[in-house]
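Below is one structure, written out as structure tokens, with a few remarks after it.
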Amino acid sequence: MVSEMNKKTYKWWYDNIESKFYDLMIKWIALPLGGETKFRKALLEPVSFGSGEKILEMCCGTGGATVFISQKAGNECEIIGMDLSCGQLKYAKKKKYSCPTEFIEGDVTDTGFDDDSFDKVFITHAIHEMYRESRLKTLQEARRLLKPEGQVVVLEIDNPPNMWLRLLIGFCFFYWLPGNFETPTRRDMFKHGLDNEVKESGFADVRKYSIYHGVFQTVTGEKKESP
Ligand SMILES: C[S@@+](CC[C@H](N)C(=O)[O-])C[C@H]1O[C@@H](n2cnc3c(N)ncnc32)[C@H](O)[C@@H]1O
Numbered sequence: 172m173v174s175e176m177n178k179k180t181y182k183w184w185y186d187n188i189e190s191k192f193y194d195l196m197i198k199w200i201a202l203p204l205g206g207e208t209k210f211r212k213a214l215l216e217p218v219s220f221g222s223g224e225k226i227l228e229m230c231c232g233t234g235g236a237t238v239f240i241s242q243k244a245g246n247e248c249e250i251i252g253m254d255l256s257c258g259q260l261k262y263a264k265k266k267k268y269s270c271p272t273e274f275i276e277g278d279v280t281d282t283g284f285d286d287d288s289f290d291k292v293f294i295t296h297a298i299h300e301m302y303r304e305s306r307l308k309t310l311q312e313a314r315r316l317l318k319p320e321g322q323v324v325v326l327e328i329d330n331p332p333n334m335w336l337r338l339l340i341g342f343c344f345f346y347w348l349p350g351n352f353e354t355p356t357r358r359d360m361f362k363h364g365l366d367n368e369v370k371e372s373g374f375a376d377v378r379k380y381s382i383y384h385g386v387f388q389t390v391t392g393e394k395k396e397s398p
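Going by my numbering, the first residue of the sequence shown is number 172, and it counts up by one from there.
Following this line, the structure appears as structure tokens:
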């Protein structure tokens, strides 16, 4: 989360302002990528599911990624979505999913679930809005919640090497907006490297998949007993 001091403001913003136009904003962002369906599916391409998996989606927001995770996971699986913002969750509860889902309001840095509860933990498009301390806390919480051999899957934006692509993405993703609260955290995530931070949090066999010429990244890691 942004910082302990302004956590309340961040939640207030999502509850009262951003939740009202969030789904529309994602459609706008996804336009140059061929539309939301295409970009959501592309990020899930490297992920495979077993039958009957128990899945936690951290920072599920309005459920935009949940829809596509549930489609790929299949109706035997079960997804719990957790988000700090009840305003965002209100929209998530209205969407249709391909497997049983439950949405819970809570802080993903301290979920209250038991150790070894999930086969997969997703963190979807939220890590770039957290400062390093919270990113590491969230990843460590994900590791605690995973069963042995379970997998963390982080879906995130990335910093494409091509300058023209960076300019286009910067324009479409509102990087130019004065006071955009995610600018310092996004830059910090790029600086440290998301895959490095996943390793640092104790995950083994960490893999980074570059999607859309480096505009997005899907990072996976496995929970092994001794990393
Ligand atoms: C950019 S939105 C992503 C929403 C959704 N996952 C998607 O793919 O569209 C970031 C979400 O992360 C949530 N979030 C950020 N920090 C959180 C925390 N510590 N605990 C729970 N949710 C958090 C916010 O409330 C917000 O809904």
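Cβ coordinates follow ideal geometry from the N, Cα and C atoms, glycine included. On a predicted model such as this, the values are computed, not experimentally measured, just so you know.
Considering only their Cβ atoms, is the gap separating H296 from E327 smaller than 8 angstroms?
yes
Where does A313 land, buried or exposed, given buried means 16+ other C-beta within 10 angstroms?
By the neighbour-count rule (16 or more Cβ atoms within 10 Å), A313 is buried.
Cα-Cα, which of S256, Y262 and Q242 is closest to Y268?
The shortest Cα separation from Y268 among S256, Y262 and Q242 belongs to Q242.
Have a look at C270, K266 and M334 and flag the residue whose alpha-carbon is nearest the alpha-carbon of K225.
C270
Cα-Cα, which of V218, K212 and P203 is closest to V323?
V218
Would you say Q259 and G232 are within 8 angstroms of each other, going by their C-beta atoms?
yes
Flag G206 as yes when its Cβ comes closer than 7 angstroms to any non-hydrogen atom of ligand 1, and as no otherwise.
no
Ignore the nearest five residues each way along the sequence and tell me which others in D287's own chain have a CB closer than 6 angstroms to its CB.
K318
Which ranges does the beta strand (DSSP E) cover as unbroken runs of at least 3 residues, wholly within the segment 235-259, from first to last along the chain?
249-254
Hey, out of K198, M196 and S305, whose CA is closest to V279's CA?
The shortest Cα separation from V279 among K198, M196 and S305 belongs to S305.
Below 8 angstroms on the Cβ atoms is my contact criterion, and I expect F274 with G252 to pass it. Report the Cβ-Cβ distance as a whole number of Å.
Between F274 and G252 a beta carbon distance of about 5 angstroms is seen, short of the 8 angstroms cut, so the two are scored as contacting.
So, is V325 buried or exposed, given that buried needs 16 or more other C-beta atoms within 10 angstroms?
buried
Any chance the CB of T356 is under 7 angstroms from a heavy atom of ligand 2?
This structure does not include ligand 2; its bound ligands are ligand 1.
Is the CB of K394 under 8 angstroms away from at least one CB in chain C?
Any reference to chain C falls outside this structure, which holds one protein chain only.
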